[in-house]
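There are 2 protein chains.
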Amino acid sequence: MARNNSKHNSKEHTRVRIINSAKQLFSEQGYQKTTVVDISRQAGLSEAALYEYFQGKEDLLLTIPDLWVSELLKDLDEQLFGIQGAINKLRKYLWWYLRRVEQAPLDAKIVYLFLKTNANFLNTEVYANVKKFYSCLIDIFEEGQTNGEMRPDLDPRSARDIFVGTMDHIITRWLLKDRSYSLFDNLDHTFNLLVAAFRTEKSNSADYMN
Amino acid sequence: MARNNSKHNSKEHTRVRIINSAKQLFSEQGYQKTTVVDISRQAGLSEAALYEYFQGKEDLLLTIPDLWVSELLKDLDEQLFGIQGAINKLRKYLWWYLRRVEQAPLDAKIVYLFLKTNANFLNTEVYANVKKFYSCLIDIFEEGQTNGEMRPDLDPRSARDIFVGTMDHIITRWLLKDRSYSLFDNLDHTFNLLVAAFRTEKSNSADYMN
DNA sequence: CGTTTTTTCCTAATAACATTAGGATTTATG
DNA sequence: CATAAATCCTAATGTTATTAGGAAAAAACG
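If you read the sequences in order, they're chains A and B. Counting from 1, one number per residue, gives the positions in the first sequence under our numbering. Counting from 1, one number per residue, gives the positions in the second sequence under our numbering.
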């Protein structure tokens with residue numbers, strides 16, 4: 001067991017080193033302008049050695065967001081656990097996710113700016129996880145309809161499009177602008193607008209406490 | 001004049017041929033997997049000849065959306081001319097833009113999937129035009145506030161984020177899914193939800209005629 | 001029309017880069 | 001210590017963007 005562990009750890013350690021180098025360089029210079037030599041040098045290896053750990057440059061690109069997104073997915077349920085009401089869940093979802101993006105901007109940049117352009121994206125494990133990630137929103141909107149917080153005629157898929165679209169737009173701009181301001185600027189107001197779209201018409205905006 | 005024209009036309013014609021080849025190949029195979037040989041062959045030229053018309057592959061990538069977006073920008077004012085009311089303008093904006101995307105899916109694909117990843121995007125003419133394109137929305141929201149259609153406490157920039165984000169999200173998914181359904185599916189409902197976020201709270205949803 | 005200049009294009013380098021071959025070195029195993 | 005496995009390296013190989021240098025075609029001009 002001990003030998004197995006140490007072996008595994010050393011190999012895993014190098015792998016992580018390569019991933020971190022790639023992550024940094026990709027998000028600094030972009031995917032195209034980063035060379036395999038750049039990555040391997042920064043990881044303290046020769047180019048050829050890198051190919052023992054990854055199939056190639058593209059494999060490396062796809063591995064990075066894979067790790068991040070699957071980790072996010074694991075955390076999501078925990079974060080929403082115990083929160084009552086659809087609107088409160090929605091709020092937590094938004095704040096939590098933006099926080100995670102803020103904490104892992106390199107991963108986020110790769111997902112948002114480099115991944116979609118990849119021809120294989122739709123066949124990726126990442127894509128499957130992103131779908132799960134978003135489908136959780138559908139459940140929240142359905143809950144909101146059931147318990148009367150949200151309009152009965154609301155189409156959950158439309159609502160999700162609006163919510164996800166807004167989120168992604170805020171994040172993408174922040175990344176493009178080199179994170180030069182806070183992701184949370186004005187977020188409250190934007191969230192309240194969103195909620196106004198989903199909420200039943202009668203409830204006025206004064207019931208913050210609910 | 002005549003000679004000048006014919007010269008210009010011939011040169012311009014080849015240029016257009018190259019652009020169309022590149023447009024098709026980029027959006028079919030992606031930017032990376034398309035080679036300069038592919039493009040020049042399809043245009044009926046040698047690789048080297050292509051460099052008489054463009055500085056290189058990247059220049060070609062940036063030129064395509066440049067043309068499309070500046071053309072859109074020219075059309076925008078015409079389309080909104082004479083439409084009364086902010087919400088009606090917003091509706092026209094959405095329907096018109098999605099129609100243009102539907103009619104020029106190759107251009108749209110390049111703008112939405114390949115452009116943002118480019119490190120130089122923010123310094124591009126395209127980016128400047130996209131900004132104008134979106135800032136028009138700010139004017140519409142301010143008009144809506146002034147004439148009482150929209151809530152007085154609405155932050156136009158937040159509203160724009162929601163509107164643009166939703167639009168971009170719908171378009172991006174449609175492109176990723178290879179345009180296998182209609183862009184206009186369910187658009188009415190989604191638009192009505194958006195408007196509910198912006199509209200003054202008292203007006204109920206029955207005033208479609210307004 | 002014939003000559004000169006300019007435009008347009010091509011074949012054949014060059015250079016950068018991803019990937020692979022084949023073997024050396026180090027580390028684990030008995 | 002000897003052997004097997006792993007990790008790594010130097011040196012190819014192949015692909016692709018870009019450039020050099022000049023040919024062919026078109027235009028300009030006497």
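Ideal placement from N, C-alpha and C gives every residue a C-beta, glycine not left out.
Determine the chain B residues that contact residue 114 of chain A at a beta-carbon separation under 8 Å, and present them in chain order.
If you number the first sequence from 1, residue 114 of chain A lands on position 114. 117, listed in chain order.
According to the neighbour-count rule (16 or more other Cβ atoms, all chains shown, within 10 Å of its Cβ), is residue 156 of chain A buried or exposed?
Looking up residue 156 of chain A in the first sequence gives position 156. Counting every other CB atom within 10 Å of its CB across the protein chains shown gives residue 156 of chain A a total of 16 or more, marking it as buried.
Would you call the stretch 110-129 of chain A and the stretch 44-51 of chain A touching, i.e. three or more CB-CB distances under 8 Å?
No: the two stretches stay apart, fewer than three of their Cβ pairs being nearer than 8 Å.
Of the listed residues A:176, A:36 and A:68, nearest to residue 53 of chain A (C-alpha basis):
In the first sequence, counting from the first residue as 1, residue 53 of chain A sits at position 53. Of A:176, A:36 and A:68, the residue nearest in Cα terms is A:36.
Collapsed DSSP secondary structure at residue 199 of chain B in the structure displayed
Taking the second sequence and counting its residues from 1, one reaches residue 199 of chain B at position 199. Under the three-state reduction of DSSP, residue 199 of chain B is assigned to strand.
Can you list, in chain order, the residues of its chain whose CB lies under 7 Å from that of residue 40 of chain B, leaving out five sequence neighbours each side?
The residue given as residue 40 of chain B occupies position 40 in the second sequence. Same-chain partners within the cutoff: 46, 47, 49 and 50.
Between the stretch 27-41 of chain B and chain A, which residues of the former have a C-beta closer than 9 Å to a C-beta of the latter?
Listed by position, the residues of the stretch 27-41 of chain B near chain A (Cβ gap below 9 Å) are 29, 30, 31, 32 and 33.
For residue 198 of chain B versus residue 19 of chain B, is the C-beta spacing smaller than 9 Å?
The residue you call residue 198 of chain B lines up with position 198 of the second sequence. The residue you call residue 19 of chain B lines up with position 19 of the second sequence. Going by C-beta atoms, residue 198 of chain B is not nearer than 9 Å to residue 19 of chain B.
Taking only three categories from DSSP, how would you classify residue 190 of chain B?
Taking the first residue of the second sequence as 1, we reach residue 190 of chain B at position 190. Three-state DSSP puts residue 190 of chain B in a helix.
Mind listing the chain A neighbours of residue 161 of chain B? Cutoff is C-beta to C-beta under 7 Å, in chain order.
Start at 1 with the first residue of the second sequence, and residue 161 of chain B comes out as number 161. Under the 7 Å cutoff, chain A gives 166, 169, 170 and 190.
Amino acids of chain B, ordered along the chain, whose beta-carbon sits closer than 8 Å to that of residue 158 of chain A
Position 158 of the first sequence, counted from the first residue, corresponds to residue 158 of chain A. Chain B residues near residue 158 of chain A: 186, 189, 190 and 193.
If the criterion is Cβ atoms closer than 9 Å, does the pair residue 26 of chain B and residue 90 of chain B meet it?
As a working note, residue 26 of chain B is residue 26 in the second sequence. As a working note, residue 90 of chain B is residue 90 in the second sequence. The Cβ atoms of residue 26 of chain B and residue 90 of chain B do not sit closer than 9 Å to each other.
Terminal residues of the alpha helix (DSSP H) in which residue 74 of chain B lies:
One-based indexing of the second sequence puts residue 74 of chain B at position 74. From DSSP, the alpha helix (DSSP H) with residue 74 of chain B extends over 57-80.
Indicate whether at least one CB of chain A lies closer than 9 Å to the CB of residue 62 of chain B.
Position 62 of the second sequence, counted from the start, is the residue given in the question as residue 62 of chain B. Any Cβ of chain A closer than 9 Å to the Cβ of residue 62 of chain B would place that residue at the interface, and such an atom is absent.
Would you list the one or two residues that DSSP bridges to residue 150 of chain B?
The sequence position of residue 150 of chain B within the second sequence is 150, counting from 1. Per the DSSP secondary-structure output, residue 150 of chain B pairs in a beta bridge with B:199.
Beta-carbon within less than 8 Å of residue 166 of chain A's beta-carbon, same chain only, minus the 5 sequence neighbours each way: which residues are those?
Residue mapping note: residue 166 of chain A aligns to position 166 of the first sequence, counting from 1. Excluding sequence neighbours, residue 166 of chain A sits near 190 and 194.
Three-way DSSP call (helix, strand, coil) for residue 97 of chain A in this model:
In the first sequence, residue 97 of chain A corresponds to position 97, counting from 1. In the structure shown, residue 97 of chain A sits in a helix (DSSP, three-state: H, G or I).
Is the stretch 96-112 of chain A touching the stretch 64-74 of chain A in the sense that three or more CB pairs, one from each, lie closer than 8 Å?
Cβ pair count under 8 Å is three or more, so yes.
Say the cut is 8 Å; is the CB of residue 31 of chain B nearer than that to a heavy atom of the ligand ADP?
Of the ligands one can find in the structure shown there are none, so the ligand ADP has no counterpart to examine.
Presumed contact (8 Å Cβ cut-off) between residue 175 of chain B and residue 94 of chain B, rounded CB distance:
Position 175 of the second sequence, counted from the start, is the residue given in the question as residue 175 of chain B. Position 94 of the second sequence, counted from the start, is the residue given in the question as residue 94 of chain B. Beta-carbon to beta-carbon, residue 175 of chain B and residue 94 of chain B are separated by about 17 Å, too far to satisfy the 8 Å threshold.
Can you tell me the Cβ-Cβ gap for residue 142 of chain B and residue 200 of chain B, rounded? I've got them flagged as a contact below 8 Å.
Sequence index remark: in the second sequence, residue 142 of chain B carries index 142 (1-based). Sequence index remark: in the second sequence, residue 200 of chain B carries index 200 (1-based). Between residue 142 of chain B and residue 200 of chain B the beta-carbon gap is near 14 Å, outside 8 Å, which marks them as no contact.
Chain B beta carbons: is any one of them nearer than 9 Å to that of residue 176 of chain A?
In the first sequence, residue 176 of chain A corresponds to position 176, counting from 1. True, the Cβ-Cβ gap to chain B drops below 9 Å.
Is residue 131 of chain A helix, strand or coil when you go by DSSP?
Position 131 of the first sequence, counting from 1, holds the residue named residue 131 of chain A. In the structure shown, residue 131 of chain A sits in a helix (DSSP, three-state: H, G or I).
Is there a Cβ of chain A sitting closer than 9 Å to that of residue 108 of chain B, yes or no?
As a position in the second sequence, residue 108 of chain B is number 108, starting the count at 1. Not an interface residue.
Mind checking the stretch 119-143 of chain B against chain A and listing, in chain order, the residues whose C-beta falls within less than 8 Å of any C-beta there?
Here the close residues are 119, 121 and 122.
Test: residue 49 of chain A CB closer than 9 Å to a CB of chain B:
On the first sequence, residue 49 of chain A is found 49 positions in, with the first residue counted as 1. Against chain B, the CB of residue 49 of chain A has no partner CB under 9 Å away; the residue lies outside that interface.
Considering only residues of the same chain and omitting the five flanking positions on each side of residue 183 of chain A, which have a CB-CB separation below 6 Å?
Within the first sequence, numbered from 1, the residue matching residue 183 of chain A stands at position 183. Closer than 6 Å at the Cβ level, and outside the excluded window around residue 183 of chain A, lie 98, 102 and 174.
Roughly how many angstroms lie between the CA atoms of residue 79 of chain B and residue 144 of chain B, to the nearest whole one?
Here the question's residue 79 of chain B lines up with position 79 in the second sequence. Here the question's residue 144 of chain B lines up with position 144 in the second sequence. Spanning the two alpha carbons is a distance of roughly 18 Å.
Cβ distance (whole Å) where residue 73 of chain A is taken to contact residue 133 of chain A below 8 Å:
Here the question's residue 73 of chain A lines up with position 73 in the first sequence. Here the question's residue 133 of chain A lines up with position 133 in the first sequence. Contact annotation, residue 73 of chain A with residue 133 of chain A: C-beta distance approximately 6 Å; criterion of less than 8 Å satisfied.
Taking the C-alpha atoms as reference points, what is the distance between residue 119 of chain B and residue 172 of chain A?
If you number the second sequence from 1, residue 119 of chain B lands on position 119. If you number the first sequence from 1, residue 172 of chain A lands on position 172. The alpha-carbon atoms of residue 119 of chain B and residue 172 of chain A are separated by roughly 14 Å.
By the three-class DSSP mapping on this structure, what secondary structure does residue 180 of chain A have?
Within the first sequence, numbered from 1, the residue matching residue 180 of chain A stands at position 180. Correct three-state label for residue 180 of chain A: coil.
With a Cβ-Cβ cutoff of 9 Å, do residue 136 of chain B and residue 76 of chain B count as a contact?
Within the second sequence, the letter at position 136 stands for residue 136 of chain B. Within the second sequence, the letter at position 76 stands for residue 76 of chain B. A contact, by the Cβ cut-off of 9 Å.
Does any C-beta atom of chain A lie closer than 9 Å to the C-beta of residue 155 of chain B?
To locate residue 155 of chain B, count along the second sequence from 1; it is residue 155. By this cut-off, residue 155 of chain B is an interface position.
Drop a sphere of 10 angstroms on the beta-carbon of residue 115 of chain A, count the other beta-carbons inside from all chains shown, and report buried for 16 or more, exposed for fewer.
Position 115 of the first sequence, counted from the start, is the residue given in the question as residue 115 of chain A. Label assigned to residue 115 of chain A: buried.
Could you tell me whether any Cβ in chain A is nearer than 9 Å to the Cβ of residue 1 of chain B?
One-based indexing of the second sequence puts residue 1 of chain B at position 1. With a pLDDT of only 30 at residue 1 of chain B, under 50, the local geometry of the prediction cannot be trusted, and no value is derived from it.
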